[in-house]
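Just below is one structure, and these are the notes that go with it.
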Amino acid sequence: MRAVKHCDAFALFNTLGDIVATENDPEGIYYRDMRHMSFWRMTICGTHPMMLGSAIDDRVDALIVDATNTGLINRHGERIAADLLHFGRTKFLHEANAFERLAVRNFDDRPHRFTIELTVGADFRDMFEVRGAKREGRGLQHVPRCNGDGVQYSYVGLDDITRTTSISFEPPPALVTPHRIRFDVDLAPGERKVFYTRIAFNDEDASEPARTYLEAYRALRKGRREALEGRPKIRSSNTMFDAMIARSIADVTTLTTHTPQGPAAYAGIPWYCTLFGRDSLITALQTLWYNPSLTRGTLLRLAELQAQVDDPVADAETGKILHETRLNEMANTGEVPFRRYYGSVDSTPLFVFLAGEYFRRTGDLQTIERLWPHLVAATGWIDSSGDRDGDGFFEYGRRNEDGLRNQGWKDSHDAISHADGRLAEGPIALVEMQAYVYGAWRAMGEMLSAFGKTQDAKEWSERAMGLKRRFAEQFFDDELGCYILALDGEKQCCRVVSSNAGHTLLTGIASKAHAEAIADRLLESDCFTGWGIRTLASGEKRYNPMSYHNGSIWPHDNALIAAGFARYGLQRAANQIFTGLFEASFYFEQQRLPELFCGFMRKKGRGPTMYPVACVPQAWSSAAPLYLIQAALGLSIKAPREITFAKPQLPDFLSSLSLDGLGCGEESVDIDVEKTGPANSVFVRRNEEKVQVYLKL
77 MRAVKHCDAF
87 ALFNTLGDIV
97 ATENDPEGIY
107 YRDMRHMSFW
117 RMTICGTHPM
127 MLGSAIDDRV
137 DALIVDATNT
147 GLINRHGERI
157 AADLLHFGRT
167 KFLHEANAFE
177 RLAVRNFDDR
187 PHRFTIELTV
197 GADFRDMFEV
207 RGAKREGRGL
217 QHVPRCNGDG
227 VQYSYVGLDD
237 ITRTTSISFE
247 PPPALVTPHR
257 IRFDVDLAPG
267 ERKVFYTRIA
277 FNDEDASEPA
287 RTYLEAYRAL
297 RKGRREALEG
307 RPKIRSSNTM
317 FDAMIARSIA
327 DVTTLTTHTP
337 QGPAAYAGIP
347 WYCTLFGRDS
357 LITALQTLWY
367 NPSLTRGTLL
377 RLAELQAQVD
387 DPVADAETGK
397 ILHETRLNEM
407 ANTGEVPFRR
417 YYGSVDSTPL
427 FVFLAGEYFR
437 RTGDLQTIER
447 LWPHLVAATG
457 WIDSSGDRDG
467 DGFFEYGRRN
477 EDGLRNQGWK
487 DSHDAISHAD
497 GRLAEGPIAL
507 VEMQAYVYGA
517 WRAMGEMLSA
527 FGKTQDAKEW
537 SERAMGLKRR
547 FAEQFFDDEL
557 GCYILALDGE
567 KQCCRVVSSN
577 AGHTLLTGIA
587 SKAHAEAIAD
597 RLLESDCFTG
607 WGIRTLASGE
617 KRYNPMSYHN
627 GSIWPHDNAL
637 IAAGFARYGL
647 QRAANQIFTG
657 LFEASFYFEQ
667 QRLPELFCGF
677 MRKKGRGPTM
687 YPVACVPQAW
697 SSAAPLYLIQ
707 AALGLSIKAP
717 REITFAKPQL
727 PDFLSSLSLD
737 GLGCGEESVD
747 IDVEKTGPAN
757 SVFVRRNEEK
767 VQVYLKL
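Heads up: the sequence shown is residues 77 to 773, going by my numbering.
Take a look at the structure:
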């Protein structure tokens with residue numbers, strides 16, 4: 077499939093640029109989680125064209141398809157030999173519109189007459205319906221309305237919102253019916269003709285200005301250029317790695333949506349093309365060194381959506397940070413609880429932790445002051461509702477039976493279990509949640525210290541140290557050589573070796589000895605496959621390499637673990653992960669890391685096994701390569717003018733890496749990192765002596 081996105085719309089096309097969706101097939105064009113186009117197939121004289129090439133143009137996030145004709149017989153009984161006609165399709169989204177340009181050229185030395193037919197349809201199926209949800213009723217779909225240059229479909233949902241899909245063509249077709257469009261084409265030798273399509277979506281709440289194809293294309297191109305302004309340029313000695321990073325940056329840019337508070341990354345296509353608290357925060361964390369504006373926008377947007385009241389249906393409690401938000405019919409009617417849903421335990425501490433990381437990176441006091449009431453509310457939730465039984469650890473337990481049973485990042489129903497395979501019953505204290513809270517409390521202390529509130533800062537730091545001591549005593553298991561997965565509602569240990577343990581290193585809650593033990597344990601063959609670290613060790617009862625969370629490999633999970641390794645100076649371990657994911661990327665289309673892939677052991681001559689319904693692109697997977705660069709270099713940036721490389725070690729597939737325009741405060745530097753024998757050297761190519769660059773070995 078080919079995916080494109082802009083604002084609240086996204087599309088999934090097949091490689092020809094068509095949509096041939098069945099009831100539960102995700103192909104289609106979606107606007108605000110509703111499928112507005114479910115069928116769009118082009119034929120030439122009733123025959124499918126033959127694809128020559130299909131790719132995404134990252135300059136505008138457009139699908140480019142080249143195709144030619146097979147042998148045809150036109151309506152007049154005349155034969156057209158194969159490979160004489162070229163069809164170039166360009167398809168993209170802009171605001172609440174989908175555009176297509178079809179350029180047709182005759183490469184024969186004689187004229188040809190033929191027809192181009194489009195079979196079209198709009199089923200107005202809710203995203204959750206496409207995913208398989210059964211509904212007792214649906215709204216009213218009106219009879220399509222045709223005119224000389226197009227057709228309009230409309231649907232009145234059970235939420236009383238009228239949604240429309242209006243298709244217009246230029247030049248006007250020869251025939252317009254509700255589901256069939258026909259163009260009669262005459263081409264002289266060498267002649268080229270162009271046909272334009274605009275599909276406009278509306279749901280009463282949104283009114284977008286009409287644009288022509290060219291206006292929309294230019295606006296999209298300009299927006300992509302502006303999005304990359306001020307960001308570092310990354311170059312290396314390995315062209316395959318450069319392609320991987322270019323894909324990473326392009327996909328994060330595609331998934332970034334401009335909200336009223338600033339840019340924020342939507343989670344992924346197709347199922348999660350909306351704001352997710354945890355996903356958006358982690359994506360922002362992974363890209364913070366590269367693009368702080370994404371972090372700022374994410375924090376401000378989530379602050380705006382922070383829970384203000386107690387609402388058990390939405391799993392909302394005052395101060396809690398969003399899990400996800402939806403704009404679709406089933407969310408509006410309450411058929412699913414996700415209109416604004418707060419059923420994630422870790423979004424809230426991650427919000428506070430990321431605010432501290434952002435402040436250290438940028439020194440942006442104005443934004444922190446704007447966020448401060450929200451940070452106080454978030455830590456208030458952690459103290460009260462976050463610690464449900466007052467034992468000093470932090471748990472979750474859903475209050476809505478239709479909500480998520482598990483509320484950490486592994487949120488499938490069977491993700492948290494005991495060693496004998498029994499599912500853990502809540503309230504559940506996840507290992508990584510304790511680490512995130514530790515990071516949040518440290519962040520509060522550091523920000524207050526910067527504000528000159530020394531005593532308040534000291535209290536937060538002392539609380540963090542107390543949690544660190546309790547955590548070490550309760551969560552480290554000497555026999556496992558690792559942290560346990562969780563404590564269940566009876567305070568029984570879930571003695572399971574999982575990737576969750578690696579997240580603890582990210583915030584510094586682990587002791588040095590425990591960090592080294594965890595690195596060793598997670599790189600053993602029952603955890604590390606050669607492509608990455610599994611979510612669950614292969615010896616565990618619930619291990620299944622084809623499961624969503626019990627043995628699969630998630631790139632973002634691995635990137636967070638690698639960053640944790642680097643925090644403790646374990647760059648060699650971090651680079652094992654980096655190398656595995658880089659080499660896995662060779663086997664993924666366009667070197668695009670998917671949401672996850674299967675956790676089978678790496679075997680000579682074979683690539684990784686795909687997970688069939690993984691989201692691609694997925695924001696935190698797309699951002700993972702950028703975070704892996706930071707881990708390998710031991711890179712930290714502290715405003716206003718301090719950049720540190722701690723034990724930098726390039727992975728084996730790189731002999732050099734350059735960062736041009738690496739920002740620090742108001743300044744920037746150009747850096748080269750090179751292997752010089754067994755060591756790695758950092759060279760400052762441009763600085764103007766305003767930024768202090770440190771190398772720690």
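Glycine included, each C-beta is placed from N, C-alpha and C at the ideal position.
Does the separation of the CB atoms of residue 738 and residue 339 fall below 9 Å? no
Helix, strand or coil for residue 488 per DSSP? coil
Kindly indicate the opening and closing residues of the beta strand (DSSP E) around residue 514. First-last for residue 514: 507 to 526, but that is the alpha helix (DSSP H), not the beta strand (DSSP E).
Can you tell me which residues form a DSSP beta bridge with residue 148? 156
Let me check understanding here. Comparing Cα to Cα, which of 298, 163 and 716 lies closest to residue 124? 163
Where does residue 318 fall in DSSP's three states? helix
Among 432, 602, 363 and 728, nearest to residue 677 - alpha-carbon criterion: 602
Does the region 288 to 307 come close enough to the region 652 to 668 that 3 or more CB-CB pairs lie under 8 Å? no
Could you check where the beta strand (DSSP E) with residue 223 kicks off and where it finishes? 221 to 223
Proximity to residue 196 [Cα-Cα], best of 190, 409, 222 and 761: 222
Beta-carbon gap between residue 401 and residue 233 smaller than 9 Å: no
Quick check on DSSP: helix, strand or coil for residue 499? strand
Provide the residue span of the alpha helix (DSSP H) that contains residue 561, from first to last. Where residue 561 is concerned, there is no enclosing alpha helix (DSSP H), given that its DSSP letter is neither H nor E.
Starting from residue 369, trace the beta strand (DSSP E) both ways and give me its first and last residue. Premise fails: residue 369 lies in the alpha helix (DSSP H), 368 to 380, not in any beta strand (DSSP E).
Between which two residues does the beta strand (DSSP E) harbouring residue 131 extend? 126 to 133
Alpha carbon to alpha carbon, how far is residue 235 from residue 258? Give it in angstroms, no decimals. 35 Å
So for residue 763, helix, strand or coil by DSSP? coil
Would you kindly report the start and end of the unbroken beta strand (DSSP E) that includes residue 344? 338 to 344
Provide the residue span of the beta strand (DSSP E) that contains residue 749, from first to last. 743 to 752
Can you say whether residue 231 is buried or exposed, counting buried as having 16 or more other CB atoms within 10 angstroms of its CB? buried
Reducing DSSP to helix, strand and coil, say where residue 579 ends up. helix
Tell me whether residue 707, by its Cβ, gets closer than 8 Å to a heavy atom of the ligand PLP. Because no ligand of any kind appears in the structure shown, any question about the ligand PLP cannot be addressed here.
Supposed close pair residue 131, residue 106 - CB separation, criterion 8 Å: Not really, about 22 Å apart at Cβ, beyond 8 Å.
Does the beta-carbon of residue 432 have 16 or more other beta-carbons within 10 angstroms, so that it is buried, or is it exposed? buried
As assigned by DSSP and simplified to three states, the class of residue 107: strand
Pick out the complete beta strand (DSSP E) segments inside the region 683 to 745, 3 residues or longer, and give them in chain order. 711 to 714, 718 to 722 and 732 to 740
Any idea which residues DSSP pairs residue 334 with across the strands? 339
Quick one: what's got a C-beta closer than 6 Å to residue 201's C-beta in the same chain, skipping five residues either side? 111
Is residue 193 helix, strand or coil when you go by DSSP? strand
So, with DSSP's three-state summary, where would you put residue 228? strand
By how many angstroms is the C-alpha of residue 673 removed from the C-alpha of residue 685? 6 Å
Between residue 638 and residue 707, which are expected to be in contact by the criterion C-beta below 8 Å, what is the C-beta distance as a whole number of angstroms? 4 Å
Helix, strand or coil: how does DSSP classify residue 282 here? The pLDDT assigned to residue 282 is 48, lower than 50, so where the model puts this residue is not dependable; a value taken from the coordinates is nonetheless given after this. Of the three classes helix, strand and coil, the one that applies to residue 282 here is coil, per DSSP.
What's the C-alpha gap between residue 129 and residue 141? 6 Å
For residue 435, I'd like the list of residues in its chain whose CB is within less than 6 Å of its CB, leaving aside the five on either flank, ordered along the chain. 444 and 523
Per DSSP, what kind of secondary structure is residue 463 in: helix, strand or coil? coil
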